[in-house]
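Below: the structure, in structure tokens.
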Amino acid sequence: MTELSPFVILIAAIFTNNILLANFLGMCSFLAVSKKIETAAGLGAAVIFVTTATTAINYGIYHHVLTPLGLTYLTFIVFIAVIAAFVQFVEMFVERFSLGLYHALGIFLPLITVNCAILGASLFMIIRNYTFWQSVAFGFGGGVGWTLAIVLIAGLRQRMRYSDVPVPFRGVAIAMVITGVMAMAFMGFAGMVRIQ
Amino acid sequence: MADKSPVACVTCVSRGGVCDGKGIQTLKDGVWASNPISIQILGICSALAVTNRLENSLVMGVALIFVCVGSNLFVSLLRNVTPRRIRMIAEVAIIATFVIVFDQILKAYYWEMSKQLGPYVGLIITNCIVMGRAEAFALQNRPVVSMVDGLANGIGYAVVLAIIGFFRELAGTGGVAGFQILSLDWYVPNQLAVLAPGAFVALGFLIALFNWLSGANKEENEGSTP
């Protein structure tokens, strides 16, 4: 793994191994907010920021605190605590210094703690033995990829309003099928770069 | 089914809130009437990720039952001493503990499976089902009923996972869990089913099927997401 440059990982995380479309992470909030492009983009921005920062922090904690102390079985609980604390911190910081941003982003921040994409990015980083810069690139790319997917699908779902969907499929079911088609489209990128 | 559930509720209440009646009702709700995946659309990350094979789906189902029962029990036991402000953190800590226990067991006795499931065992922590049940049910109810609720929701989750896993593995390889069901003489395995798009489409159709069966053609059931 060490031979992959961070840039390759960044591109791969956005397109070929999209965290939402290939790894199914962050589905819950994805379905909740992918109804309007603006909200989707807002949550996406928050996710990009938080994933990038938390992968970096978790990398440090895992390799410099947990591994030397032999406490790697605590990984999950430490990671989730770091993420929750970080989100809380960001929320306080944003509220204090930029009220406009707080109102735009505010409601999304608590949602992020339980967004599997954030924890998933950190766990993948450990499983794939990334170096520090690879981890940061993966966290950032994962966030961007997630945002890209959610914004694209929000665009499609906005249009769905005008189409005649069979009754049982209305709502979540058709959204899943659309996502499937989108995932198929993203498989077209598969030849470009490979990770894992 | 949706039109029947109020009736079932009334009969349950008219029985004078018999304890076991409530338990059975809770069980039924979790498995069918408010199935976490197909009705409430919760916890679908893992429902999609691990269902490429039946075996993976079953292990994941067991994991969720274990975590859900355990966390519901302890959240319920501690419900009167947990300060409201920090209840989320307390819930997450309890859930994470059970996930770690299961992950360690899996790593110790079932290494191959642990490798295959990868990060998705850890991701049970952020699975909305477990958190949702702790928050919505265990905080207000007695320990035993909470355990039943956790069990019911875990089973509801496991059943749906098994169904998806069965059909995806069948379509993707022509066989299930090592048994060749569709002869490869005429059946060309559709690789797409075990890849990501198959998961989305399979779940989409399953949800539509549940909607159709229960007659829940809600115009806006999109609001039911967490």
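Order-wise, the sequence lines are chains A and B.
Converting from the first sequence to the numbering used here requires adding 200 to each position, the first position being numbered 1.
Converting from the second sequence to the numbering used here requires adding 14 to each position, the first position being numbered 1.
Even glycine gets a Cβ: it sits at the ideal position worked out from N, Cα and C.
Cβ-Cβ separation between Leu-231 (chain A) and Ala-375 (chain A): approximately 6 Å, consistent with a contact (criterion under 8 Å).
With the rule of 3 Cβ pairs closer than 8 Å, the segment 164-174 of chain B does not count as touching the segment 95-110 of chain B.
Counting only residues of its own chain and dropping the five nearest sequence neighbours on each side, Asn-49 (chain B) has a CB closer than 6 Å to the CB of Gly-170. For Gly-371 (chain A), at least one C-beta of chain B is nearer than 9 Å to its own C-beta. Not one beta carbon of chain B lies nearer than 9 Å to the beta carbon of Ala-245 (chain A). Remark: C-beta atoms of Gly-57 (chain B) and Asn-141 (chain B) approach each other more closely than 9 Å. Taken in chain order, the members of the segment 131-145 of chain B whose beta-carbon sits within less than 7 Å of a beta-carbon on chain A are Gly-132, Pro-133, Gly-136, Leu-137, Ile-139, Thr-140, Cys-142 and Met-145. Asn-225 (chain B) counts as buried, since no fewer than 16 other beta carbons sit within 10 angstroms of its beta carbon. CA-to-CA, the gap between Leu-175 (chain B) and Asp-199 (chain B) works out to about 29 Å.
Residue pairing for Phe-193 (chain B): DSSP places it in a beta bridge opposite B:Val-190. Interface residue (Cβ-Cβ distance to chain B less than 9 Å): Ala-349 (chain A) is not classified as such. The C-beta distance from Ala-321 (chain A) to Thr-251 (chain A) rounds to 5 Å, short enough to meet the 8 Å contact threshold. Using a Cβ-Cβ cut-off of 9 Å, Gln-118 (chain B) counts as an interface residue toward chain A, since at least one Cβ of chain A sits closer than that to its own. Annotation for Phe-80 (chain B): Phe-116 place their beta carbon closer than 6 Å to its own, counting only its chain and skipping 5 residues before and after. Note on geometry: alpha-carbon atoms of Val-173 (chain B) and Ala-246 (chain A) lie some 34 Å from one another. Taken through DSSP and simplified to helix, strand or coil, Pro-268 (chain A) comes out as helix. Within chain B, the residues placing a beta-carbon under 9 Å from that of Ala-284 (chain A) are Met-102, Ile-103 and Val-106, ordered along the chain.
Within chain B, no C-beta atom comes nearer than 8 Å to that of Asn-258 (chain A); the closest sits roughly 12 Å away. Nearest to Phe-193 (chain B) by alpha-carbon distance, out of B:Arg-67, B:Ser-60 and B:Leu-41, is B:Arg-67. The straight-line gap separating the alpha-carbon atoms of Pro-211 (chain B) and Val-381 (chain A) is approximately 6 Å. Between the alpha carbons of Ile-109 (chain B) and Ala-390 (chain A) lies a gap of roughly 36 Å. Annotation for Ser-90 (chain B): Ala-152, Asn-155, Arg-156, Pro-157 and Ser-160 place their beta carbon closer than 7 Å to its own, counting only its chain and skipping 5 residues before and after. Scanning the segment 110-135 of chain B from its first residue to its last, the whole alpha helix (DSSP H) runs of 4-plus residues come out as 125-131. Across the set A:Pro-366, A:Met-387, A:Ala-281 and A:Val-294, the C-alpha of A:Pro-366 shows the shortest separation from the C-alpha of Phe-219 (chain B). The C-alpha of Asp-43 (chain B) is placed about 19 Å away from the C-alpha of Ile-177 (chain B). Closer than 9 Å to the CB of Trp-226 (chain B) there is at least one CB belonging to chain A. By the Cβ neighbour-count rule, Tyr-123 (chain B) is exposed, with fewer than 16 other Cβ atoms within 10 Å of its own.
DSSP, reduced to helix, strand and coil, places Trp-346 (chain A) within a helical segment of the structure shown.
The beta carbon of Ile-209 (chain A) sits closer than 7 Å to the beta carbons of Gln-334, Ala-337, Phe-338, Gly-341 and Ile-395 from its chain, once the five residues preceding and following it are set aside; these are given in chain order.
Its Cα nearest to that of Phe-276 (chain A), the residue A:Tyr-259 stands out among A:Met-292, A:Gln-288, A:Tyr-259 and A:Val-290. When the Cα atoms are used, Ala-150 (chain B) and Ala-317 (chain A) turn out to be separated by approximately 23 Å. Boundaries of the alpha helix (DSSP H) around Gly-380 (chain A): 372-387. In the structure shown, Thr-255 (chain A) adopts helical secondary structure according to DSSP, grouped into three states.
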